[in-house]
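If you use the working numbering, the sequence shown corresponds to residues 40 to 192, in order. Report on the following structure.
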Amino acid sequence: MNIFLLTDRYAKKLADVIPEAVLQLAARVSMFMVFWFSAQTKLAGSEILGQKWMFWNLSSSTFALFEYDYAIPLLPPVIAAYLATISEFFFSLFILCGLLTRLSALALLIITLVIQIFVYPSSWPQHLLWGTALLYLLSAGAGVVSVDRLIGR
Numbered sequence: 040m041n042i043f044l045l046t047d048r049y050a051k052k053l054a055d056v057i058p059e060a061v062l063q064l065a066a067r068v069s070m071f072m073v074f075w076f077s078a079q080t081k082l083a084g085s086e087i088l089g090q091k092w093m094f095w096n097l098s099s100s101t102f103a104l105f106e107y108d109y110a111i112p113l114l115p116p117v118i119a120a121y122l123a124t125i126s127e128f129f130f131s132l133f134i135l136c137g138l139l140t141r142l143s144a145l146a147l148l149i150i151t152l153v154i155q156i157f158v159y160p161s162s163w164p165q166h167l168l169w170g171t172a173l174l175y176l177l178s179a180g181a182g183v184v185s186v187d188r189l190i191g192r
């Protein structure tokens, strides 16, 4: 038997042991971390439990980035800064909790596409990874360990 087919069979048996809920939770946690920490870099103000929670209090450097460095078309820089920060803040929390997971994944996927096209077009390998996890969540949902599951019962 071909060594490649044999190796693939054993890998499939190993993968079949991993519950779908673990994959869904891993995708949710990883996307939370990406977008939560991105939102944190845009916020000013004091921290509670090591995190910034005043989502309305953007730093001056955030406004400068959106005005001078990021080329977001059709939106004034101030609106784009608030829209991106508040979206990253709340949708990442929703993804972590498994609340409105598909909507949150779609919103963060749109943000990823905007970043890819207008802000960092050379960072496509990183954005492809984010997009893959977000598409998986959009397709599979939050899983059994989620608020979506509790509400759906």
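By construction, the Cβ of each residue, glycine as well, lies at the ideal position given by its N, Cα and C atoms.
To the nearest whole angstrom, what separates the beta carbons of residue i and residue j, a pair I think is in contact under 8 Å?
i: Leu-176; j: Ala-144; result: 4 Å
i: Leu-135; j: Val-68; result: 7 Å
i: Gly-170; j: Thr-151; result: 6 Å
i: Arg-188; j: Ala-181; result: 7 Å
i: Phe-102; j: Pro-116; result: 7 Å
Can you give the Cα-Cα distance for residue i and residue j, rounded to whole angstroms?
i: Lys-91; j: Ser-126; result: 15 Å
i: Lys-51; j: Ala-60; result: 17 Å
i: Val-186; j: Ile-42; result: 44 Å
i: Leu-173; j: Met-70; result: 7 Å
i: Ile-149; j: Leu-44; result: 38 Å
i: Phe-94; j: Leu-64; result: 25 Å
i: Gln-155; j: Ser-85; result: 31 Å
i: Tyr-109; j: Val-153; result: 10 Å
i: Phe-105; j: Val-56; result: 46 Å
According to DSSP, is residue i part of a helix, a strand, or is it coil?
i: Ile-111; result: coil
i: Ile-87; result: strand
Leaving out five residues before and five after residue i in sequence, what residues of the same chain have Cβ atoms less than 8 Å from its Cβ?
i: Leu-97; result: Lys-81, Leu-82, Ala-83, Ala-120, Tyr-121, Thr-124
i: Trp-163; result: Gln-155
Who are the near neighbours of residue i in its chain, counting only those whose CB is closer than 6 Å to its CB and skipping five residues on each side?
i: Ile-111; result: Ala-119, Phe-157
i: Ala-78; result: Thr-124, Glu-127, Phe-128
i: Phe-130; result: Ser-143, Ala-146, Leu-147
i: Val-183; result: Ala-60
Hey, which unbroken runs of the alpha helix (DSSP H) at 4 residues or more fall wholly within the segment 94-167? 99-103, 116-136, 140-153
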